[in-house]
Amino acid sequence: MSSASSEVRRARPLLGTFVEIGARGLAHDRLHGAIDRAFAAIERVHRLMSFHDPASDVSRLNRLAARRAVAVHPWTSEVLRQAQHFAAISDGDFDISVAPLLQKWGYLPREKNRPLPRRISDYRKIELLDRDRVRFHDSCVSIDLGGIAKGFAVDQAVRILEAENVVAGLVNAGGDLRALGSCAVEIRNPALGGPSPAKLALENDALATSAHYFARKRWRGRNVTPLVSPRDRAACFRYASVSVRAPSCLHADALAKIAMLRGPRAFPLLEKFAAHALLVTSAGEVVCSPGWHEKTRN
Amino acid sequence: MLTNDRLHWLTPAALVMLSATPGYAVEYLSIEQAQRLCFPKADQFAASHIQFTPAQIKAIEAASGQKVLVRGEQVWKATQGGRLQGFFIVDYVIGKHLAIDYAVALSPDGAVRQIEILQYRESYGGEIRNADWRKQFAGKTARSPLALNSDIRNISGATLSCRHVTEGVKRVLATYELCLK
Chain A
1 MSSASSEVRR ARPLLGTFVE IGARGLAHDR LHGAIDRAFA AIERVHRLMS FHDPASDVSR
61 LNRLAARRAV AVHPWTSEVL RQAQHFAAIS DGDFDISVAP LLQKWGYLPR EKNRPLPRRI
121 SDYRKIELLD RDRVRFHDSC VSIDLGGIAK GFAVDQAVRI LEAENVVAGL VNAGGDLRAL
181 GSCAVEIRNP ALGGPSPAKL ALENDALATS AHYFARKRWR GRNVTPLVSP RDRAACFRYA
241 SVSVRAPSCL HADALAKIAM LRGPRAFPLL EKFAAHALLV TSAGEVVCSP GWHEKTRN
Chain B
299 MLTNDRLHWL TPAALVMLSA TPGYAVEYLS IEQAQRLCFP KADQFAASHI QFTPAQIKAI
359 EAASGQKVLV RGEQVWKATQ GGRLQGFFIV DYVIGKHLAI DYAVALSPDG AVRQIEILQY
419 RESYGGEIRN ADWRKQFAGK TARSPLALNS DIRNISGATL SCRHVTEGVK RVLATYELCL
479 K
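So the sequence lines, in the order shown, correspond to chains A and B.
Residue numbering for the first sequence follows our numbering, beginning at 1 and increasing consecutively.
Residue numbering for the second sequence follows our numbering, beginning at 299 and increasing consecutively.
If you want it as structure tokens, here you go:
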């Protein structure tokens, strides 16, 4: 967004990151009202899907769903349905049941009186029932929606800005962003401070970047990151940064995780979602999917 | 004595280093703007800043599990026609290296009504580790901008975790319990 006279930009700590909402094209007070309501939607996603909050749907599922069917909010149900779909089409490269590994590495909190599961289960043990109910068929299942809920939240917030008649806007949840109208964005160079590997104009579509330059750390002599391969339980370091451009932010968010694992082998899958990717290898080399340049030239 | 003089001389040199450090900063809201957003009905914001006693610092640290960085808190009482609407508190935390300023609006009974980031700053300089050196940049407002790249840009990439702000809010709530209630 350009710095037009009536432009408002605000940020709140939500979903474990700084969520920024910018809007323009209306009087100041109406922009603030629209942004308030867009934040309210993101706060709702945060309350429902936070791993940290014991009262969230996610925490209730992790505590109870191995014993009985648990009813969740329709939004949680929708995110779970999408997550399971991405798990199925990626053969488990996208899997929300890796939470215990992230707990072990200190990226997610551990409950005091609850030991970590003995092993990591997988998405096939999660069953979505009718009437927004969920059942886990393995006591070791523990889910985290960190790889997909931000994208969903961004989509919801953009929908609200649109309904409030905001002319142009941007919602950015820690690098998962979506534009309303047209908006210039840039991808951060994983070598922090270096020039952007790509500047592009979004047009009512989304861009999600997964990278570990702020989150990687040492754990018992190993390098770890929250971006983990569900199959071999290893942290992914082949790509320093993966960006996916797609019509919806939820799709971009989930597909970025799959592209982080698969690299260019993920490109055919991305095409099915009209999505394009730009990968930066750990050596700093840039790899783009065939449609990326065509799309970004517009 | 010599050591003290040295420190005096060293500070400006450190400042020059900062301006050469690539980074990113955004000012979202001024204190006044955030006050109006958090308490749109209030007709007065009376500053009632707190100075902590050493005993209070200990109590806040014990109650919140968070270290107290400054010996006080910037607090305003929001009132409408003399009736208390709530408290508006401006605080900061150290993100990765630099301070992030934020405001917390509390209802009269101490519940969090709203949190707004006032100013976000990020440095890429991994060399900035000295806590005292960092502290001097805390609490800066738009009138004292840092020499960072402050163009408004939209960046897709990993961002800092907001864990520090979440922890800071715990400390603010402990401050309310001990000093404002």
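Just so it is clear, CB atoms sit at the ideal spot from N, CA and C, and this is done for glycine as well.
Check: Please specify which runs of the alpha helix (DSSP H), each continuous and at least 4 residues long, are wholly inside the segment 211-248 of chain A, giving them in chain order.; Outcome: none
Check: Does any residue of chain A bring its CB to less than 8 Å from the CB of Ala567 (chain B)?; Outcome: Since the displayed chain B opens at 299 and closes at 479, residue 567 (chain B) lies outside it and no answer follows.
Check: In whole angstroms, give me the CA-to-CA distance for Ser56 (chain A) and Pro74 (chain A).; Outcome: 13 Å
Check: Using the three-state DSSP reduction, which class does Phe386 (chain B) fall into: helix, strand or coil?; Outcome: strand
Check: Is there at least one Cβ from chain B nearer than 8 Å to Ser77 (chain A)'s Cβ?; Outcome: no
Check: For a contact meaning CB atoms closer than 8 Å, what does Cys140 (chain A) contact in chain B?; Outcome: Chain B residues near Cys140 (chain A): none, gap ~27 Å exceeds 8 Å.
Check: Please confirm if Gly384 (chain B) has its CB atom under 8 Å from at least one CB of chain A.; Outcome: no
Check: In its own chain, which residues sit with a C-beta less than 8 Å from the C-beta of Ile120 (chain A), not counting the 5 before and 5 after it?; Outcome: Ser97, Val98, Pro100, Leu101, Cys140, Pro230 and Arg233
Check: Quick check on Thr281 (chain A) - is its C-beta less than 8 Å from some C-beta in chain B?; Outcome: no
Check: Ser50 (chain A): which of A:Gly25, A:Pro13 and A:Arg124 sits nearest, CA to CA?; Outcome: A:Pro13
Check: Between which two residues does the alpha helix (DSSP H) harbouring Arg159 (chain A) extend?; Outcome: Ala149 to Ala163
Check: Taking the alpha-carbon positions, what's the Asn204 (chain A) to Asp36 (chain A) distance?; Outcome: 21 Å
Check: Establish whether the CB of Ala370 (chain B) and some CB of chain A are separated by less than 8 Å.; Outcome: The sequence shown places Gly at residue 370 (chain B), not Ala. Answer no: the Cβ-Cβ gap between Gly370 (chain B) and chain A never drops below 8 Å.
Check: Pairs of beta-carbons, one from the segment 157-170 of chain A and one from the segment 9-28 of chain A, closer than 8 Å: are there three or more?; Outcome: yes
Check: With a threshold of 8 Å between beta carbons, is Asn223 (chain A) in contact with chain B?; Outcome: no
Check: What does Thr318 (chain A) touch in chain B if you count any residue whose Cβ is under 8 Å from its own?; Outcome: Because chain A here runs from 1 to 298, residue 318 (chain A) falls outside it and cannot be looked at.
Check: Going along the segment 180-203 of chain A in order, which residues come within less than 7 Å of chain B, judged by CB to CB distance?; Outcome: Cys183, Ala184, Val185, Glu186, Ile187, Arg188, Leu192 and Gly193
Check: Check whether the Cβ atoms of Ala246 (chain A) and Phe273 (chain A) sit closer than 8 Å, and answer yes or no.; Outcome: yes
Check: Tell me the start and end of each unbroken beta strand (DSSP E) in the segment 343-381 of chain B that is at least 3 residues and wholly inside, in chain order.; Outcome: 370-378
Check: Relative to the C-alpha of Val19 (chain A), which residue among A:Phe39, A:Ser6, A:Arg30 and A:Leu31 is closest?; Outcome: A:Phe39
Check: Could you compute how far the alpha carbon of Glu7 (chain A) sits from the alpha carbon of Tyr326 (chain B)?; Outcome: 11 Å
Check: In the DSSP assignment, the alpha helix (DSSP H) including Lys339 (chain B) goes from what residue to what residue?; Outcome: Careful: Lys339 (chain B) lies outside any alpha helix (DSSP H) and carries neither H nor E.
Check: Skipping 5 residues on each side, what residues in its chain have a beta carbon closer than 7 Å to that of Val70 (chain A)?; Outcome: Arg60, Leu61, Leu64, Arg133 and Val134
Check: Taking only the alpha-carbon atoms, compute the straight-line gap between Gly22 (chain A) and Leu31 (chain A) and give it to the nearest angstrom.; Outcome: 9 Å
Check: From B:Val391, B:Gly370, B:Trp374 and B:Leu367, pick the residue whose C-alpha is nearest to that of Arg405 (chain B); which is it?; Outcome: Just to set this straight, residue 405 (chain B) is Ser in the shown sequence, not Arg. That would be B:Trp374, whose Cα lies nearest to the Cα of Ser405 (chain B).
Check: Please list the residues of the segment 462-474 of chain B that have a C-beta atom closer than 7 Å to any C-beta atom in chain A, keeping them in chain order.; Outcome: Val463 and Thr464
Check: Using 8 Å as the threshold, is the C-beta distance between Val280 (chain A) and Pro264 (chain A) below it?; Outcome: no
Check: Listing by chain order, which chain B residues have their CB less than 8 Å from the CB of Ala11 (chain A)?; Outcome: Val324, Tyr326, Glu414, Ile415 and Tyr418
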